[in-house]
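Chemist: Provided herewith is a single structure, encoded as structure tokens, for subsequent inquiry.
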Amino acid sequence: MSLVLSVNQLGTPRFLLRNRSASSHVQQNRTVFTRRHYRGKKELNVPRFRGEVYRVRSFKSTEGSKEVSSEKSLENDQWLLLQAWDVPWDWKIILYVMMPYLMSILLTGIVESAGLGVMQPHAENVTPHLHGTDEEAIRLFLDELLKTAVKLSVLYVFVSPYQPFPDNVFSYRWHQPFNIQNGWLLWGIGGLVAASSVVFLIKSFISGPDANQIQNEAESLVRLLPFIGVSSISNASLLGILGILAPLCEETIYRGFLMTSLTKWLPVPLSIIVSSIVFTLAHQSPGKSTEILIFGVVLGLVYAQTRNLLAPIIMHACWNLGVIFTLIYFQSQGQDIQKYVL
């Protein structure tokens, strides 16, 4: 081949003009080859023509591709509230995962209908011995940590064969927290304000302005009541349980899995209501059912719009932490905090 390069009228070498199509063909083939054969989880920087560099992940490692695809999808569809998820599993997987929760709800209903309802703790049985509080608080935190790990592990066992998941399934995206369409922090805090306002108005309408009970899950608070404000260790254990473990586990299961799965057969609004009813029944707090149901519906709406589990998780965590901090403050002022939750 001659090395002499003649120049056309525009100043472009004919050699480059002849080989431009071949170069594009090689570039396309290289991209396909890379995606097909690099199956490890390690991210690779692959040089492109003209000095550009792009990132490639294998099909088994979908973390990077999820974020990119989700960003494009959310940019194209600004308001996702009524759009269903593309769920790959069938109803059997839903039944297998939710069976323990449904059985717990069923057994609780049978016990209560038989007149053997859960006994409310009396004041003299609530306060434990102070010398054992820190050890019991740590033991309770470890117990909740183990339960959370087991629940999420069971979920992973049943849904992992369907990997890679669609872009908006089990998505935890930290970017753009204040985006008006899908910012997880903006919608999480906004949902918290909306749910608190609705609950306050309904409670005031039903019980009058003298209602002074903290709006939360009474049964779980009764269980944790002895540890509130006793020591820094007990407070840290409570914050870990109600501020991290409970929101992460419950939102992943009830919103990330159950509500998302129901949209395969039901409209999104109906899926939000059904999953919120199951969420309410699972908490087994008859006196607080209205508040928990409203809270669950708002959590579902927030998740349906953002398609990001961080939004309902932060909303759930702030709700629980707000109650805990309020009770700790009342405790420090010498008030009887039992009247706020019992």
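Under this note's numbering, the first residue of the sequence shown carries the number 1159, and numbering increases by one thereafter. Glycine included, every Cβ here is placed at the ideal spot set by N, Cα and C. Quantities reported herein were computed from a predicted structural model and do not represent experimental measurements.
1. Please determine, among Arg1465, Gly1480 and Phe1488, the residue with the shortest C-alpha to C-alpha distance to Thr1410.
2. Just verifying my parser: in three-state terms, what is the DSSP assignment at Asp1301?
3. Could you give the C-beta distance for Ile1435 and Leu1451, rounded to a whole number, given that I count them as a contact under 8 Å?
4. For Ala1352, which of helix, strand or coil comes out of DSSP?
5. Does Arg1331 come out as helix, strand or coil in the three-state DSSP assignment?
6. Would you grab the beta carbon distance between Val1317 and Trp1247 for me? Rounded to a whole angstrom, and I think it's under 8 Å.
7. Going by alpha carbons, who is nearest to Asn1337 out of Ser1490, Leu1416 and Gln1463?
8. Taking DSSP as the reference, what is the three-state secondary structure of Arg1465?
9. Measuring alpha carbon to alpha carbon, tell me which of Val1455, Ser1433, Lys1446 and Asn1393 ends up nearest Leu1479.
10. For Val1255, count the other beta carbons within 10 Å of its own beta carbon; 16 or more makes it buried, fewer makes it exposed. Which is it?
11. Measuring only the C-alpha atoms, how far is Ser1490 from Phe1453?
12. Exposed or buried, what is Lys1446 when buried is set at 16 or more other beta-carbons lying within 10 Å of its beta-carbon?
13. Using the Cα positions of Leu1133 and Leu1298, report the straight-line distance between them to the nearest angstrom.
14. What residue range is occupied by the uninterrupted alpha helix (DSSP H) comprising Thr1133?
15. With 16 other CB atoms within 10 Å as the buried threshold, where does His1474 fall?
16. Under 8 Å, do Ile1296 and Ser1390 count as touching if we go by C-beta distance?
17. Quick check on this structure: which residue in Leu1260, Val1245 and Val1460 has the alpha carbon closest to the alpha carbon of Ile1472?
18. State the DSSP-derived secondary structure class of Lys1250, mapped to helix, strand or coil.
19. Please classify Ile1450: does DSSP put it in a helix, a strand, or coil?
Modeler: To lay it out plainly:
1. Nearest C-alpha to Thr1410 among Arg1465, Gly1480 and Phe1488: Arg1465.
2. Note: Asp1301 maps to helix in three-state DSSP.
3. Correct: roughly 7 Å between the Cβ atoms.
4. The DSSP-derived three-state label of Ala1352 is helix.
5. Shown here, Arg1331 sits in coil according to DSSP, grouped into three states, outside any helix or strand.
6. The pair is a contact, with the Cβ atoms about 6 Å apart (cut-off 8 Å).
7. For Asn1337, the nearest C-alpha among the options comes from Gln1463.
8. Looking at Arg1465 - three-state DSSP - the assignment turns out to be coil, as it is neither helix nor strand.
9. Looking at the Cα atoms, Asn1393 is the closest of the given residues.
10. Burial of Val1255 is indicated by the presence of at least 16 other C-beta atoms within 10 angstroms of its C-beta.
11. When rounded, the distance between both Cα atoms is 28 Å.
12. Residue environment for Lys1446: buried (at least 16 other C-beta atoms within 10 angstroms of its C-beta).
13. Outside the displayed span of the chain (1159 to 1500) sits residue 1133, for which this structure offers no information.
14. Since the first and last residues shown for the chain are 1159 and 1500, residue 1133 lies out of range.
15. By the neighbour-count rule (16 or more Cβ atoms within 10 Å), His1474 is buried.
16. Between Ile1296 and Ser1390, the C-beta gap is not smaller than 8 Å, which leaves the two residues out of contact.
17. Among Leu1260, Val1245 and Val1460, the Cα nearest to that of Ile1472 belongs to Val1460.
18. In the structure shown, Lys1250 falls within a helical segment according to DSSP collapsed to helix, strand and coil.
19. DSSP places Ile1450 in the helix class (H, G or I) of the three-state scheme.
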